[in-house]
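Peer 1: Everything in the sequence shown is counted per UniProt numbering, starting at 1 for the first residue and increasing by one. In this text, a Cβ means the ideal position worked out from N, Cα and C, and glycines have one as well. This one's a predicted model, so the numbers in the text were calculated from it and none came from an experiment. Take this structure, written in C-alpha cells, and hold onto it; I'll ask about it next.
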Amino acid sequence: MFRSALRRTLPSAASHPPWTIAAAATLPAWSHHVAVAAYSSSCGTPSPVRKSRETIPSSSIRILRSVESVRRWRKPHLLDHRIVGFVPTMGALHEGHLSLIRAAAREAHHVVVSIYVNPAQFGIKEDLASYPKTWDSDCKILADLDRQLADDGGNLGRISAVFAPTTADMYPSGFPGQEVGSKGSFVTITPVGEVLEGASRPTFFRGVATVCMKLFNIVQPERVYFGQKDVQQTVVIRNMVRDFMMPTEVVVGPTSREADGLALSSRNVYLGARRRKVATVLSRALRAAEEQYTAHGALDRESILGAANRVAQDTLEEQMALAPEQRVRFEVDYISLADPVTMMELENVDPDEGGILSGAVKMLPVEAPQPGEDLGHNDGPAVRLIDNIILKPSAAR
Numbered sequence: 001m002f003r004s005a006l007r008r009t010l011p012s013a014a015s016h017p018p019w020t021i022a023a024a025a026t027l028p029a030w031s032h033h034v035a036v037a038a039y040s041s042s043c044g045t046p047s048p049v050r051k052s053r054e055t056i057p058s059s060s061i062r063i064l065r066s067v068e069s070v071r072r073w074r075k076p077h078l079l080d081h082r083i084v085g086f087v088p089t090m091g092a093l094h095e096g097h098l099s100l101i102r103a104a105a106r107e108a109h110h111v112v113v114s115i116y117v118n119p120a121q122f123g124i125k126e127d128l129a130s131y132p133k134t135w136d137s138d139c140k141i142l143a144d145l146d147r148q149l150a151d152d153g154g155n156l157g158r159i160s161a162v163f164a165p166t167t168a169d170m171y172p173s174g175f176p177g178q179e180v181g182s183k184g185s186f187v188t189i190t191p192v193g194e195v196l197e198g199a200s201r202p203t204f205f206r207g208v209a210t211v212c213m214k215l216f217n218i219v220q221p222e223r224v225y226f227g228q229k230d231v232q233q234t235v236v237i238r239n240m241v242r243d244f245m246m247p248t249e250v251v252v253g254p255t256s257r258e259a260d261g262l263a264l265s266s267r268n269v270y271l272g273a274r275r276r277k278v279a280t281v282l283s284r285a286l287r288a289a290e291e292q293y294t295a296h297g298a299l300d301r302e303s304i305l306g307a308a309n310r311v312a313q314d315t316l317e318e319q320m321a322l323a324p325e326q327r328v329r330f331e332v333d334y335i336s337l338a339d340p341v342t343m344m345e346l347e348n349v350d351p352d353e354g355g356i357l358s359g360a361v362k363m364l365p366v367e368a369p370q371p372g373e374d375l376g377h378n379d380g381p382a383v384r385l386i387d388n389i390i391l392k393p394s395a396a397r
C-alpha cells in the first residue's frame, strides 16, 4: 500500500487497477452554513434560476443552476442518511466520466454531476474560449445513462441532479482572473501543486483546488469521484480534503482508454485524423517504462525512464522523416517517475511503496494541411495530452 490512506479501489477489468484515496470519512456531517460559490460553463444554457422544477428532457434528473437550489435539494438528505456521490466535470462527457458516474451509482443513493468550465484552471494563453461545450449532447448522454442505471439492479442509486451553476454564483466577488499574480480567494496546495503539471501550468492546481473546495461545500457529498488520468489532480485533492478536514471520501477510478491505449480526454476532439494516429506516443512510452519495472525488475530512474524516452525519440524521428503533408510534430513536456504521495521525482523506486509514471506531450498543429483534411475541433490547435501509470508496490503485484 502507498503511504497515503488508500482504502479501496473500484472494480475494473483494466490491466492497471485504480487506486482509491479515503480521507476524513468519519468526520461530522457537513455544515450547510458555509458561504461558497462556483463558475458556470458557458455552454449555452439559460442562467436564471427558474421557479418551476427543471429537469433534463425524458428523465427525472433535476437541473440545478444556483447554490441555493442545490442547498434546497441537499438539505433533506442531510437528515435521512442517504449517501450523496458527486462527479465534477467540465462537460464534453465521454466514457471516462460515465464510468465514474456508474461507480457512484453503485455506492450512493443520489449522484450529482456538475457541468461547467472553470476559467480559473486555464492559463491566459490556454484553450478556455475553444474548450468543447456540448450541453445538449451531455444531457442526452446523462438521460440515457440514467435509464441504464434504472435497468441495472445492482445500483444503490441513480443520477439525481446536474449542477450547472452561473458565473455570479461561483465567484460572487467577481472572477479574479487567470494570471499568476491575480488577487482573490484561492486555495493553494503546495508543494505538490507546484511540480510537473503545476510547473507547466502555474495557475492550474490553484484553480482546481479552489473550485473543488467550492463545489464540495455546495454539494456536500459523502464521496467524490475522480479519474486516474489526472493523477496529480487526485493527489492535490486528497491533500486538500485531508488538510482542511473535509468530511468526504475521494474515490479514484481507472483511466478509460481507446482500444489503442490513448487515454480518453475531452480535448482529444482537437486532434483530427492525422495527429490521432500518433497521439498514442505517450501511452506507449509509459508502457515501455512500466515494463522495465514489472518485467525486468528495474528500480532506478535511468533504466525506467530511459525506455520511455527511447519510444518518444524514435517516434519523433520517424515522423520527421516523412513529408510535411504526412508527418506529425509533437513536443515532450515531461516524463516523470515520482513518489506516489508527494509527486516529487524519484531516483529509485522503493518496491514497498511503488511510484507514479506520468507525462505530458504537446501535439503541434499539422504542417501543410491538405484540402478537406480532418484537422479536429476548432481547426486543430496545439493540444496538450497527459497520461500516467501507477507502479504498484511489489506486494500488490
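#1: Roughly how many angstroms lie between the CA atoms of SER60 and GLY184, to the nearest whole one?
#2: Write down the C-beta distance between PHE86 and VAL224 rounded to the nearest angstrom, noting that I regard them as a contact closer than 8 Å.
#3: If contacts are defined as beta-carbon pairs under 8 Å, then LEU64 and PHE163 qualify, I think. What distance do you get, rounded to the angstrom?
#4: Measuring CA to CA, which of VAL252, LEU282 and ARG274 is closest to GLY261?
#5: So for CYS43, helix, strand or coil by DSSP?
#6: In terms of residues, what are the limits of the alpha helix (DSSP H) holding ASP379?
#7: Could you tell me the distance, in whole angstroms, from the CA atom of VAL112 to the CA atom of ALA307?
#8: Buried or exposed for LYS214, please, with buried defined as at least 16 other CB atoms from any protein chain shown within 10 angstroms of its CB.
#9: With a cut-off of 8 Å on the beta carbons, I'd call GLN233 and SER358 a contact; round off their distance for me.
#10: Hey, how far is the Cα of ASN155 from the Cα of PHE226?
#11: Ignoring anything shorter than 4 residues or poking outside the stretch 233-313, list the alpha helix (DSSP H) runs there in chain order.
#12: Does ILE304 pass the burial test, meaning 16 or more other C-beta atoms within 10 Å, or should it be called exposed?
#13: Considering only the beta carbon of each residue, do ALA285 and ALA312 sit closer than 8 Å?
#14: Can you tell me where the alpha helix (DSSP H) with THR89 in it begins and where it stops?
#15: So ALA368 and GLU325 are in contact, right, with Cβ under 8 Å, and what is the actual spacing, rounded?
#16: Would you check if the stretch 342-353 and the stretch 190-205 touch, i.e. whether three or more CB-CB distances between them fall below 8 Å?
#17: Let me make sure I understand the geometry here. Which of SER130, VAL208, HIS77 and LEU364 has the alpha-carbon closest to that of ALA108?
#18: Could you give the distance in angstroms between the alpha-carbon of SER160 and the alpha-carbon of LYS75?
#19: So GLY96 and LEU264 are supposed to be a Cβ contact under 8 Å. How far apart are they, rounded?
#20: Just to confirm before moving on: does the CB-CB distance between ARG276 and VAL366 stay below 8 Å?
Peer 2: Taking the structure as given:
#1: Position 60 of the sequence shown holds residue 60. Position 184 of the sequence shown holds residue 184. Using only the alpha carbons, I get a separation of about 38 Å.
#2: Looking up residue 86 in the sequence shown gives position 86. Looking up residue 224 in the sequence shown gives position 224. Indeed, because the Cβ distance is near 5 Å, the residues count as touching under 8 Å.
#3: Indexing the sequence shown from 1 puts residue 64 at position 64. Indexing the sequence shown from 1 puts residue 163 at position 163. Correct: roughly 5 Å between the Cβ atoms.
#4: As a working mapping, residue 261 is identified with position 261 in the sequence shown. Of VAL252, LEU282 and ARG274, the residue nearest in Cα terms is LEU282.
#5: For this step, residue 43 is matched to residue 43 along the sequence shown. Only weak support is given to the placement of CYS43: the predicted model assigns it a pLDDT of 37, under 50, and the question is left unresolved by the model.
#6: Walking along the sequence shown from the start, residue 379 turns up at place 379. Where ASP379 is concerned, there is no enclosing alpha helix (DSSP H), given that its DSSP letter is neither H nor E.
#7: Mapped onto the sequence shown, residue 112 falls at position 112. Mapped onto the sequence shown, residue 307 falls at position 307. Using only the alpha carbons, I get a separation of about 42 Å.
#8: Indexing the sequence shown from 1 puts residue 214 at position 214. It counts as buried.
#9: Working through the sequence shown from its first residue, we reach residue 233 at position 233. Working through the sequence shown from its first residue, we reach residue 358 at position 358. Not a contact, Cβ separation roughly 11 Å.
#10: For the purposes of this step, residue 155 is taken as the residue at position 155 of the sequence shown. For the purposes of this step, residue 226 is taken as the residue at position 226 of the sequence shown. C-alpha separation (whole angstroms): 19 Å.
#11: 272-278 and 281-294
#12: Here residue 304 corresponds to residue number 304 of the sequence shown, with the count starting at 1. So ILE304 ends up on the buried side.
#13: Locating residue 285 in the sequence shown gives position 285, where the first residue counts as 1. Locating residue 312 in the sequence shown gives position 312, where the first residue counts as 1. Contact flag set, yes.
#14: Within the sequence shown, residue 89 is the residue found at index 89, counting from 1. Taken as a continuous stretch (DSSP letters only), THR89 belongs to no alpha helix (DSSP H), being part of the beta strand (DSSP E) at 84-89.
#15: Here the question's residue 368 lines up with position 368 in the sequence shown. Here the question's residue 325 lines up with position 325 in the sequence shown. 4 Å between Cβ atoms; contact.
#16: yes
#17: Working through the sequence shown from its first residue, we reach residue 108 at position 108. Answer by Cα proximity: HIS77.
#18: Counting from 1 along the sequence shown, the entry for residue 160 is found at position 160. Counting from 1 along the sequence shown, the entry for residue 75 is found at position 75. When rounded, the distance between both Cα atoms is 14 Å.
#19: Your numbering for residue 96 matches position 96 in the sequence shown. Your numbering for residue 264 matches position 264 in the sequence shown. 4 Å between Cβ atoms; contact.
#20: Position 276 of the sequence shown, counting from 1, holds the residue named residue 276. Position 366 of the sequence shown, counting from 1, holds the residue named residue 366. For ARG276 and VAL366, no; Cβs fall outside 8 Å.
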